[in-house]
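So the sequences go chain by chain: X and H. Per the numbering used here, the very first residue in the first sequence carries number 1; after that it's consecutive. Per the numbering used here, the very first residue in the second sequence carries number 126; after that it's consecutive. Glycine included, C-beta positions come from ideal geometry on N, C-alpha and C. Here's the structure, in structure tokens; my notes come after.
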Amino acid sequence: MKRYILILLSAVMAFTGQSNLFAAEAGNKSINIVAFDDTEVELKIDDKYQYIEVSELGELPIAVVEENKDHWLKITTTLGESTWVARSSVKTDEEPPIKNCHSIKISQAADRGQSGVRGAGEKCK
Amino acid sequence: MSIVRLIFRALAYFLIGLLLFSLNPLGIGDKGDAILQNAIYGVLAPTYPSGIPSSSNPSSAQDDVLVVLLTEDSIRNLYDDGLIQANEWPIEYSDHANIISRLMKYEARSVFVDVYFKRKRSTDDTAERFINSLHHAQNRSGTKLWFAGGYKDEDLSPWQEELKDNFGLTLNGWEGYGGAYPLYDDAQSSAAMDMYKEACLEEDSYQNCNNTFSSTMIDDGVSLPAVSVRWGARPAAAIFPEYTSEECNTFNWFDFVKQSPSMLFSEIESVGCPYSKVLYADDLVHIDKFGTEVEKARLSEAIKDKSILYGMYLEGLHDTVTSPVHGKLPGVMLHAMVLDNLITYGMDYQRATDEKAEQLSYIAWAFISFILAVIMWRLYGRDFYGKPTNLDSDENIWKRKRAIQWTHRVGMILVIIFSIYTFMILQYEPYNAIGFLVLIGAVGFIEDLIAFLAKKLQL
Chain X
1 MKRYILILLS AVMAFTGQSN LFAAEAGNKS INIVAFDDTE VELKIDDKYQ
51 YIEVSELGEL PIAVVEENKD HWLKITTTLG ESTWVARSSV KTDEEPPIKN
101 CHSIKISQAA DRGQSGVRGA GEKCK
Chain H
126 MSIVRLIFRA LAYFLIGLLL FSLNPLGIGD KGDAILQNAI YGVLAPTYPS
176 GIPSSSNPSS AQDDVLVVLL TEDSIRNLYD DGLIQANEWP IEYSDHANII
226 SRLMKYEARS VFVDVYFKRK RSTDDTAERF INSLHHAQNR SGTKLWFAGG
276 YKDEDLSPWQ EELKDNFGLT LNGWEGYGGA YPLYDDAQSS AAMDMYKEAC
326 LEEDSYQNCN NTFSSTMIDD GVSLPAVSVR WGARPAAAIF PEYTSEECNT
376 FNWFDFVKQS PSMLFSEIES VGCPYSKVLY ADDLVHIDKF GTEVEKARLS
426 EAIKDKSILY GMYLEGLHDT VTSPVHGKLP GVMLHAMVLD NLITYGMDYQ
476 RATDEKAEQL SYIAWAFISF ILAVIMWRLY GRDFYGKPTN LDSDENIWKR
526 KRAIQWTHRV GMILVIIFSI YTFMILQYEP YNAIGFLVLI GAVGFIEDLI
576 AFLAKKLQL
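If you want it as structure tokens, here you go:
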């Protein structure tokens with residue numbers, strides 16, 4: 001009986017487009033690469049960096065298997081066991097970020113200044 | 126005898142001038158020159174470039190030069206969108222590569238990276254990727270690339286050697302030039318000069334290159350005077366006005382004429398927007414990735430075949446330059462403005478004073494001294510020495526006063542002629558004018574002193 005209920009539930013969710021609901025809640029919403037920034041892309045294949053023609057990666061979209069903390073996306077290819085591509089090199093099917101505005105009035109008072117040097121930053125180990 | 130007096134007087138004026146120019150007490154001469162230059166360049170800034178775009182020549186060097194700026198906002202935006210690794214300065218080498226390689230992707234003619242890399246950071250393991258990425262992009266686009274190489278006597282680190290061998294280093298630091306920008310420092314060319322060569326001395330030079338340097342001048346580059354930078358006050362239009370929160374005022378001749386007199390005598394109201402075109406690093410990345418076809422076409426138009434300077438504008442980095450019309454700007458703007466000067470004026474660029482200019486000013490002062498001495502001799506001195514007993518007479522006092530007034534008038538006219546000649550014909554920066562005027566004022570003082578002494582000594 002339980003098995004039938006589960007099958008029924010899955011069928012309803014698939015029908016209503018809610019199949020990724022559990023994955024999204026778990027932070028694993030499926031992402032697909034829909035475009036590359038250039039005709040060649042830098043990949044990290046088995047820990048080695050190399051440039052590959054994007055046409056060699058097969059048809060788009062390409063499903064992203066995993067994303068690491070440095071914003072590298074793992075994809076499945078025949079090029080190696082582990083293939084990663086930087087998020088900065090691709091466009092995904094996620095909503096694009098909203099573009100922030102800048103002011104082009106950039107000049108400052110001639111006597112503006114501080115007696116200190118900018119630190120190394122939080123990212124430094 | 127009176128001719129001897131004339132020569133003696135002229136010689137006295139000349140020597141006093143020579144002494145003051147040589148001693149430059151308290152640096153007053155240099156400070157006076159700097160103030161005068163700032164005032165004149167400030168007033169003339171709205172007229173830069175001299176060839177105002179017209180229907181026959183709709184573009185100017187402003188269209189050939191682009192500054193790509195990485196700011197606080199750029200780093201934050203790029204990091205928040207997951208497009209760079211670092212959330213704070215210094216960003217990673219690969220982050221720089223991410224930005225610079227996009228400029229090459231859009232086929233920039235040349236890129237100067239105004240970031241001074243000294244040693245490989247031990248906390249950043251992306252240096253090799255940085256080199257590979259830029260190499261890869263450069264091989265496809267043919268873009269010329271230089272990195273900031275520091276001073277002429279720089280002791281290059283292995284990392285700098287690597288950058289030099291792979292791409293190129295160019296001078297971005299010097300000393301002994303005051304506020305001027307050298308084209309060469311001991312035979313090593315500076316950033317703007319290297320970019321100028323690529324922009325105007327190659328076969329497909331820019332249409333806006335005027336009076337291009339002859340090959341002899343380049344070969345003999347060491348002797349080229351430094352550039353006295355002319356700043357423009359007509360801000361470049363925003364490349365993406367839809368992403369611009371504040372607009373710059375367009376130039377208005379009525380406002381300019383109204384403000385000009387006050388510019389000479391008071392603090393110049395700063396122009397908020399720089400002269401050179403600016404593209405923010407995050408706009409570059411964002412539009413390249415997510416922009417519409419129209420936006421990408423505009424991005425391409427802004428970058429393709431342009432001379433690009435990539436620099437930082439971050440609080441606490443102290444790489445800034447002060448312009449006579451803008452106030453403080455990012456340091457990279459200085460290189461951009463000099464490059465603009467070179468494209469616009471070519472070999473007629475405004476020159477900083479050099480040895481020749483100094484010699485010329487001595488000759489000019491010798492001539493002015495002689496003319497002033499003639500005035501004093503004709504209107505006052507010839508009688509003065511002959512009739513010492515009449516020193517206190519009303520006639521004598523009146524004659525002395527009148528003669529000194531004439532030295533002031535004629536001297537001022539001569540200084541103006543000299544200044545216009547050296548500025549407009551010889552293209553030297555405004556110099557020594559204040560020193561000359563002080564000396565002309567001193568002629569009256571010296572004459573008064575002579576009269577006083579003559580009276581005391583009963584000459």
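Mapping DSSP to helix, strand and coil, what is residue i?
i: Asn257 of chain H; result: helix
i: Ile585 of chain H; result: The structure shown does not extend to residue 585 of chain H, since chain H spans only 126 to 584, so no value can be given for it.
i: Ser99 of chain X; result: What sits at residue 99 of chain X in the sequence shown is Lys, not Ser. Coil at Lys99 of chain X, not helix or strand.
i: Ala491 of chain H; result: helix
i: Pro307 of chain H; result: coil
i: Phe509 of chain H; result: Note on Phe509 of chain H: pLDDT 48, under 50, position unreliable in the model; the coordinate value appears next. The answer is helix: DSSP assigns Phe509 of chain H an H, G or I state.
i: Ser247 of chain H; result: coil
i: Phe242 of chain H; result: coil
i: Gly441 of chain H; result: coil
i: Pro171 of chain H; result: helix
i: Val117 of chain X; result: coil
i: Met13 of chain X; result: In this prediction, Met13 of chain X has a pLDDT of 47, which is less than 50 and means its spatial position is unreliable; nothing more can be read from the coordinates.
i: Gln313 of chain H; result: strand
i: Ile586 of chain H; result: For residue 586 of chain H there is no data in the structure shown, the boundaries of chain H being 126 and 584.
Within 10 angstroms of its Cβ, does residue i collect 16 or more other Cβ (buried), or is it exposed?
i: Met437 of chain H; result: buried
i: Gly569 of chain H; result: buried
i: Val403 of chain H; result: buried
i: Ile128 of chain H; result: exposed
i: Gln313 of chain H; result: buried
i: Phe561 of chain H; result: buried
i: Leu308 of chain H; result: buried
i: Thr478 of chain H; result: buried
i: Val419 of chain H; result: exposed
i: Tyr546 of chain H; result: exposed
Quick one: is residue i near chain X, going by C-beta distance under 9 Å?
i: His115 of chain H; result: One cannot answer for residue 115 of chain H here, as it falls past the ends of chain H, which runs 126 to 584.
i: Ser425 of chain H; result: no
i: Leu296 of chain H; result: no
i: Ile225 of chain H; result: no
i: Phe561 of chain H; result: no
i: Asn291 of chain H; result: no
i: Ala252 of chain H; result: no
i: Asn257 of chain H; result: yes
i: Glu323 of chain H; result: no
i: Phe495 of chain H; result: no
i: Phe415 of chain H; result: yes
i: Thr447 of chain H; result: yes
i: Ile160 of chain H; result: no
i: Pro513 of chain H; result: Caution is warranted here: a pLDDT of 48 is assigned to Pro513 of chain H, below 50, making its placement in the model unreliable, and no coordinate value can be reported.
i: His533 of chain H; result: no
Compare the C-beta of residue i against all C-beta atoms of chain H and say whether one is closer than 9 Å.
i: Asn100 of chain X; result: yes
i: Leu21 of chain X; result: At Leu21 of chain X the pLDDT is 39, less than 50, meaning the model places this residue with poor confidence and gives no usable figure here.
i: Val54 of chain X; result: no
i: Glu40 of chain X; result: yes
i: Asp162 of chain X; result: Nothing about residue 162 of chain X can be reported from this structure: the residues present for chain X run from 1 to 125 only.
i: Asp63 of chain X; result: Here residue 63 of chain X turns out to be Ala, not Asp, going by the sequence shown. Answer no: the Cβ-Cβ gap between Ala63 of chain X and chain H never drops below 9 Å.
i: Gly116 of chain X; result: yes
i: Asp47 of chain X; result: no
i: Gly113 of chain X; result: yes
i: Lys105 of chain X; result: yes
Is it the case that the Cβ atoms of residue i and residue j are separated by a distance below 9 Å?
i: Thr445 of chain H; j: Pro455 of chain H; result: yes
i: Trp299 of chain H; j: Lys322 of chain H; result: no
i: Arg87 of chain X; j: Gly416 of chain H; result: no
i: Ala262 of chain H; j: Asp239 of chain H; result: no
i: Ala135 of chain H; j: Asp430 of chain H; result: no
i: Ser185 of chain H; j: Asn336 of chain H; result: no
i: Glu40 of chain X; j: Val54 of chain X; result: yes
i: Asn223 of chain H; j: Asp407 of chain H; result: no
i: Ile104 of chain X; j: Glu367 of chain H; result: no
i: Ile548 of chain H; j: Ile165 of chain H; result: In the sequence as displayed, the identity of residue 548 of chain H is Phe instead of Ile. Yes. Within cutoff.
i: Ile493 of chain H; j: Val540 of chain H; result: yes
i: Phe495 of chain H; j: Phe133 of chain H; result: no
i: Glu572 of chain H; j: Gln475 of chain H; result: no
Where DSSP assigns a beta bridge to residue i, which residues make up the other side?
i: Asn32 of chain X; result: X:Ala63
i: Lys91 of chain X; result: X:Ala35
i: Arg476 of chain H; result: H:Val352 and H:Tyr553
i: Lys74 of chain X; result: X:Glu66 and X:Trp84
i: Leu43 of chain X; result: X:Gln50 and X:Val85
Closer than 8 Å: is that where the CB of residue i sits relative to any heavy atom of the ligand FAD?
i: Ile538 of chain H; result: Among the components modelled here there is no ligand, and therefore nothing to report on the ligand FAD.
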